[in-house]
Amino acid sequence: MKRFGTAVLLAGGQSSRMGFDKQTLCVGDTRLTDLIFRQLTEVFDDIVVVTGRPELYAGRPVRIVSDSMSGVGPLAGIHAGLLASRSDYIYLMACDMPSFSPAFTRHMMSSLKDEKACVTRFGDWIEPFHGFYHVSLLSGIEAFVASGQRNIFKFLERHEVCYIDESKTREYTPDWSLFDNLNTPEQLEKLSEQYFPKERLKLKKTTPMLRFEEGHWEAYQDEVVSEYTLHLHVNGVSWAKLLCSPASLKELVVGFLYSERLIDSPEDLSELILDPENAEAFVVIPDRDSVKGTRTIATSGARLFQGQPPVSRIDPDALGSEVIDPEFILSTMRAFTTSSEVFMSTGGVHACSLASASARLSFFDDIGRHNALDKVVGKALLEGVSLKDKMIFFSGRISSEIIGKCANAGISAVISRSAPTYGAIQAAKERGMTVVGFTRGNRFNVYNGAHRIKSAPALPKETLEGR
């Protein structure tokens, strides 16, 4: 029997908050379980559904089993899945969990040695789903249940388990959304909008194309990234037109206003109204009576001219000396480069991630690199996360404008797959910021602020003086 191959989906059960059986959930006109099956086939070639309603899965490329235990929670489904498994380990999901990460799943596979299970641990909490269980646990489950017990956490305590800790897990799911399940109609509506947004708000669109390769032409339908122009009004005045991706608009607006120094915190806004369908945003900043309507230049980077004079919110001691591990830089960038599904399918967006010295905290992509940064900043502000001891992981070129925006936000380290400009390095020196470029594979270059990276020697004098 092979080591991995079978995924088990636990389906069924009446939901008091939904008011119906959650295995019948639909996203638009598509059954949620069908979307889950489609995702699982990226990694697994055998899908087992544990359900009491086999008729719901007629014609689906799955095997159907029922559990022989009742009233013992997830252990019953795990037991049924293990009995049907065609591999040493089963992978466990639930029918109301819409998210799946192939990269995280493969990380768990590579982490497993001879342990009986592999699950994620968050403090004292153990997440049983999105985890692996070995077929040798069958007899243990039967004995555990026969003794009158049903708590899966206590069951796992009796066995050798490979635990994936929070910091590693957040490299793959910064906001922990991988473990979300659908419990309310509002959550279902939000998911439906994500999968089937109105035409103007779609992140990707399809267009015909011709490919010429090795002397031959071939016709394709290709996915390309969408463009969306958000018209921002400040205190009733047309302030900016931001060419962006049509998602996370609240974070974009708050982060943009902060990095342009119109606000010092979200509390400075007495009103923020978004009208996504008409591509407009309206904000009121009571202490900004002198706003002039001069900023209507739209750029894909959301970089508007006639900006505020440079300022730095950086606390040079907040992100201390020798706190950034080189291996953390490399591993975070590796996970970062595969985090954007839109980039993987179109190649048409920039990405930005906020991280502490030990964990990735948030991730956004956008057609504009400035927009992606503004969304990261906006999310941190909205959630009350301090930026002063954080760093940015970035997909694009590090320009002096990016350094300026990070300084305005109080972020003291910028790490990118791409190159910094000379102006960016000089701007970083003036502000005492760390700049790391060409982070690819097992290497990266440090251009300034090497003192924040563990084991890094001092930069050569010629570099420090810009020779």
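Under the working numbering, think of the first position of the sequence shown as 162, with each following residue one higher. We put the beta carbon where it would ideally sit given N, CA and C, even for glycine.
Once DSSP output is grouped into helix, strand and coil, what is the label at K536?
Within the sequence shown, the letter at position 375 stands for residue 536. Three-state DSSP puts K536 in a helix.
Just the Cα atoms here: how many angstroms apart are A619 and R613?
As a working mapping, residue 619 is identified with position 458 in the sequence shown. As a working mapping, residue 613 is identified with position 452 in the sequence shown. Answer to the nearest angstrom: the Cα atoms are 11 Å apart.
What is the DSSP secondary structure of S523, reduced to helix, strand or coil?
Here residue 523 refers to the residue found at position 362 when the sequence shown is read from its first residue. It is a strand residue.
Report the three-state DSSP secondary structure of K183 (helix, strand or coil).
Position 22 of the sequence shown holds residue 183. Three-state result, K183: helix.
In the region 204-243, which residue ranges form an unbroken beta strand (DSSP E) of at least 3 residues, counting only runs that do not cross its ends?
Entirely contained in the region 204-243, the beta strand (DSSP E) runs reaching 3 residues are, in chain order, 207-211 and 224-226.
Could you round the C-beta distance between P427 and V415 to whole angstroms and report it? I think they count as a contact, below 8 Å.
Here residue 427 corresponds to residue number 266 of the sequence shown, with the count starting at 1. Here residue 415 corresponds to residue number 254 of the sequence shown, with the count starting at 1. With a Cβ gap of about 6 Å, P427 and V415 count as contacting.
Where do the N-terminal and C-terminal ends of the alpha helix (DSSP H) with I197 fall, by residue?
Position 36 of the sequence shown, counted from the first residue, corresponds to residue 197. Counting along the chain, the alpha helix (DSSP H) containing I197 begins and ends at L193 to L201.
Hey, V510 and S501: beta-carbon distance below 8 Å or not?
For the purposes of this step, residue 510 is taken as residue 349 along the sequence shown, with counting starting at 1. For the purposes of this step, residue 501 is taken as residue 340 along the sequence shown, with counting starting at 1. Yes, the Cβ-Cβ distance between V510 and S501 is below 8 Å.
What do you reckon, is the C-beta of R214 under 7 Å from a heavy atom of the ligand GTP?
Absence of the ligand GTP from the depicted structure is noted, as is the absence of any ligand whatsoever, leaving it without description.
In this structure, does DSSP put M258 in helix, strand or coil?
On the sequence shown, position 97 is the one that residue 258 refers to. Looking at M258 - three-state DSSP - the assignment turns out to be coil, as it is neither helix nor strand.
Is the CB-CB distance between F443 and F497 below 8 Å?
The count along the sequence shown starts at 1 and reaches residue 443 at position 282. The count along the sequence shown starts at 1 and reaches residue 497 at position 336. No, the pair does not count as a contact, with Cβ atoms beyond the cut-off.
Note down the Cα distance separating K163 from L273, rounded to an integer number of angstroms.
One-based indexing of the sequence shown puts residue 163 at position 2. One-based indexing of the sequence shown puts residue 273 at position 112. The straight-line gap from Cα to Cα measures roughly 14 Å.
I'd like to check one pair, I559 with S573: are the Cβ atoms closer than 8 Å?
Counted from its first residue, the sequence shown places residue 573 at position 412. Counted from its first residue, the sequence shown places residue 559 at position 398. No, these two residues do not count as a Cβ contact at 8 Å.
Between L253 and the rest of its own chain, which residues show a CB-CB distance below 6 Å, the 5 nearest in sequence each way excluded?
Counted from its first residue, the sequence shown places residue 253 at position 92. The residues are V169, F290 and G292.
Taking C-alpha atoms, which residue in D425, H392 and P447 lies nearest to E438?
For the purposes of this step, residue 438 is taken as residue 277 along the sequence shown, with counting starting at 1. Looking from the CA of E438, the closest CA among D425, H392 and P447 belongs to H392.
How would you call I485, buried or exposed, if buried means at least 16 neighbouring beta carbons within 10 angstroms?
Translated into the one-based positions of the sequence shown, residue 485 becomes position 324. Residue burial is scored here from C-beta neighbours: I485 has at least 16 other C-beta atoms within 10 angstroms and is therefore classed as buried.
Please give me, in chain order, every unbroken run of the alpha helix (DSSP H) with length at least 4 that falls completely inside the region 557-596.
561-570 and 583-592
Starting from Y608, follow its DSSP beta bridges and name the residues at the other end.
Stepping through the sequence shown from its first residue, residue 608 is reached at position 447. Beta-bridge pairing links Y608 to no other residue.
Mind checking if H291 is an interface residue toward chain B, Cβ cutoff 8 Å exclusive?
Among the protein chains of the structure shown there is no chain B, as only one such chain exists.
Ordered along the chain, which non-local residues of its own chain (more than five positions away) have a Cβ less than 6 Å from that of Y250?
In the sequence shown, counting from the first residue as 1, residue 250 sits at position 89. Answer for Y250: F165, F293 and H295, listed in chain order.
Is E288 near C323, with beta carbons less than 8 Å apart?
Within the sequence shown, residue 288 is the residue found at index 127, counting from 1. Within the sequence shown, residue 323 is the residue found at index 162, counting from 1. For E288 and C323, no; Cβs fall outside 8 Å.
By the DSSP assignment, the beta strand (DSSP E) with K411 in it spans what residues?
Here residue 411 is taken as the residue at index 250 of the sequence shown, counted from 1. Membership of K411 in any beta strand (DSSP E) is not indicated; the residue belongs instead to the alpha helix (DSSP H) covering L410 to S420.
In the DSSP output, which residue or residues are listed as bridge partners for E432?
As a working note, residue 432 is residue 271 in the sequence shown. Under the DSSP definition of a beta bridge, E432 partners with V445.
Contact check, E412 vs K315 under 8 Å by CB: the rounded distance?
Position 251 of the sequence shown, counted from the first residue, corresponds to residue 412. Position 154 of the sequence shown, counted from the first residue, corresponds to residue 315. Incorrect: roughly 40 Å between the Cβ atoms, too far for contact.
From D425 to Y419, what distance separates their C-alpha atoms?
Your numbering for residue 425 matches position 264 in the sequence shown. Your numbering for residue 419 matches position 258 in the sequence shown. If I take the Cα positions, the gap works out to 6 Å.
If you count every other CB in all the chains shown that lies within 10 Å of the CB of S262, and 16 or more means buried, which is it?
By 1-based counting over the sequence shown, the position of residue 262 is 101. Classified as buried, S262 has 16 or more neighbouring CB atoms from the shown chains inside 10 Å of its CB.
If the criterion is Cβ atoms closer than 8 Å, does the pair G238 and L196 meet it?
Numbered from 1 along the sequence shown, position 77 holds the residue referred to as residue 238. Numbered from 1 along the sequence shown, position 35 holds the residue referred to as residue 196. No; because the gap between Cβ atoms is not below 8 Å, this pair is not in contact.
Spell out the partners DSSP gives G509 in its beta bridges.
Working through the sequence shown from its first residue, we reach residue 509 at position 348. DSSP links G509 through a beta bridge to no other residue.
How big is the Cα-Cα spacing for P222 and G545?
On the sequence shown, position 61 is the one that residue 222 refers to. On the sequence shown, position 384 is the one that residue 545 refers to. If I take the Cα positions, the gap works out to 45 Å.
Could you tell me which residues DSSP puts in a beta bridge with S514?
For the purposes of this step, residue 514 is taken as residue 353 along the sequence shown, with counting starting at 1. Per DSSP, F524 and F554.
Out of N603, H240, N606 and H531, point me to the one whose CA is closest to F305's CA.
Numbered from 1 along the sequence shown, position 144 holds the residue referred to as residue 305. Closest by alpha carbon: H240.
Ends of the beta strand (DSSP E) at K402?
As a first step, residue 402 is located in the sequence shown; it is residue number 241 there, counting from the start. For K402, the enclosing beta strand (DSSP E) has its first and last residue at V398 to C405.
By how many angstroms is the C-alpha of M230 removed from the C-alpha of C513?
On the sequence shown, residue 513 is found 352 positions in, with the first residue counted as 1. On the sequence shown, residue 230 is found 69 positions in, with the first residue counted as 1. If you take the alpha carbons of C513 and M230, they lie about 47 Å apart.
According to DSSP, is L317 helix, strand or coil?
Position 156 of the sequence shown, counted from the first residue, corresponds to residue 317. In the three-state reduction of the DSSP assignment, L317 falls in the helix class, which pools H, G and I.
Using only the alpha-carbon positions, how far apart do L317 and L299 sit?
Working through the sequence shown from its first residue, we reach residue 317 at position 156. Working through the sequence shown from its first residue, we reach residue 299 at position 138. Taking the straight line from one Cα to the other gives about 13 Å.
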